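**Student:** Supplied in structure tokens, the structure appears directly below.
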Amino acid sequence: SSDATSAEADKNNFDIDFSQSQNPGNDNTLPRLWEQGNAGGIAAVVEDQIITIEELRKEVAPFVQQLQREARSPEDFNRRLENLSQQAMRYLVDEALVLNSFKDKQEKTKFKIPQSYIDSQIDQYIASKFNNDRKAFIASLKAQGKTQRQFEQEFEDQIAISYMRGQIQKSQAEISPEKIEQFYRDHPQLFRQEDAVDMYMITLKTEQDTETIKVLETTFKEGKVQTGEQFQKLARKHSRDEKRKDGGDWGWVSKEDLRGEIADRAFALKPGEHTGPIVVGKSTFFIFVKDKRKAGTKDLELVRSNIEDMLSNQLSQQAQERWLEGLRKKAYIK
């Protein structure tokens, strides 16, 4: 209807003027983030550390255009901005808490991150971000209104934060084989596999490669190709697809990964067998099947390391959250 068309046009033309104030809500812990002249304001205080509105803006700013694209109305934008700002605030508060925890550790144990390590990490950063161009690095700092000393201090703080988070990760006990096996039994849907073939394939152009196709067809008929290695040698010489350099090795593929005509022929083969020419559109294919597997649950040994990593990450996240919650309870946060 014309109404539906009009509504859709209004939605597509929706625009947000970021030069105007976009108050992210009524939460007093989140001051008017986008009001001009408010950058120097205080967003939060964590012990003796101040988090400014400008710092909060910098965390939120990279995502604002995405919010603009996704928001259906100014009100929806404000709600999304408020949620994002709250997440950013939580992140900045947690970073401040972790840094304070590091400083407490320093005072109690006299622990110190070696300056040589900090310097080497800064050198690596400049090498990766500025191609070892220190003039470009200094120019970037000036554009941000930062001195080199400020940058170095922020960089050192981030190393300290990473160190403290890493210590919590290391404190986690290894995942026992019993826990891995229990997870495997409890979540079989995560380890399902479809019918699949492990195959090599030669791809040719039907009209341009008529002679090659005839030669290959004869070679196969005469039984000169008995092994995968022999097939791969031909693929490296003749195939026209991106797998040519790999000897036509496509690895494990399911029926859904292949066009119907090719899938039917490939899945009809036994391991060690090959097809004759398969013509599909303007291309001709030859296939050799290395191995086959039925649909079902992957063997535990194939996924054991994946499960261990999954459980380890899960435990680590839980431990970090418990640790942070403890820091939050003990800290003065305003």
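To convert, note that position 207 of the sequence shown is 564 in our numbering; the numbers rise steadily by one, no gaps. Note that CB positions come from ideal geometry on N, CA and C, so glycine has one too. None of the values given here were measured: they were computed from a predicted structure.
1. Considering D405, what are the terminal residues of the alpha helix (DSSP H) in which it resides?
2. Who does V646 pair with in a DSSP beta bridge?
3. In terms of residues, what are the limits of the beta strand (DSSP E) holding D606?
4. Compare the Cα-Cα distances from E411 to each of G502, L626, E551, G523 and report the closest residue.
5. Give every residue of the same chain whose Cβ lies closer than 6 Å to the Cβ of F588, excluding the five residues on either side of it in the sequence, and list them in chain order.
6. Whole angstroms is fine: what's the gap from V402's alpha carbon to V450's?
7. Answer yes or no: do I716 and I475 have a C-beta to C-beta separation smaller than 8 Å?
8. Name the DSSP beta bridge partners of Q550, please?
9. DSSP three-state call for I373: helix, strand or coil?
10. Please specify which runs of the alpha helix (DSSP H), each continuous and at least 4 residues long, are wholly inside the segment 454-512, giving them in chain order.
11. Less than 6 Å between C-beta atoms, sequence neighbours within five positions excluded: which residues of the same chain meet that for V660?
12. List the DSSP bridge partners of V636.
13. Give me, in chain order, the residues of the same chain whose beta-carbon lies closer than 7 Å to that of G608; leave out the 5 immediate sequence neighbours on both sides.
14. Could you tell me the boundaries of the alpha helix (DSSP H) in which F706 lies?
15. Can you tell me the Cα-Cα spacing of G683 and R542, whole angstroms?
16. Count the other C-beta atoms from every protein chain shown that fall within 10 angstroms of the C-beta of I407, then say buried if there are 16 or more, exposed otherwise.
17. If you draw a straight line from the C-alpha of S669 to the C-alpha of F468, how long is it?
18. Just verifying my parser: in three-state terms, what is the DSSP assignment at L591?
19. Between the segment 634-649 and the segment 618-626, do three or more beta carbon pairs fall short of 8 Å?
20. With distances taken Cα to Cα, identify the nearest neighbour of I479 among E513, L626, E574, K687.
**Tutor:** Based on what the coordinates show:
1. Segment: none, D405 is in no alpha helix (DSSP H) and carries neither H nor E.
2. M556
3. 606-611
4. G502
5. Y557, V582, F645
6. 8 Å
7. With the chain covering only 358 through 691, there is no way to say anything about residue 716.
8. G653
9. Bear in mind that a pLDDT of 36 at I373, under 50, signals an unreliable position, so the model cannot answer this.
10. Segments of the alpha helix (DSSP H) lying fully in the segment 454-512: 472-487, 491-500.
11. F548
12. T641
13. D555
14. Nothing can be reported for residue 706, as the shown portion of the chain is limited to 358 through 691.
15. Note on geometry: alpha-carbon atoms of G683 and R542 lie some 34 Å from one another.
16. exposed
17. 27 Å
18. helix
19. Contact between the segment 634-649 and the segment 618-626 is present, because at least three Cβ pairs lie under 8 Å.
20. Nearest to I479 by C-alpha distance, out of E513, L626, E574, K687, is E513.
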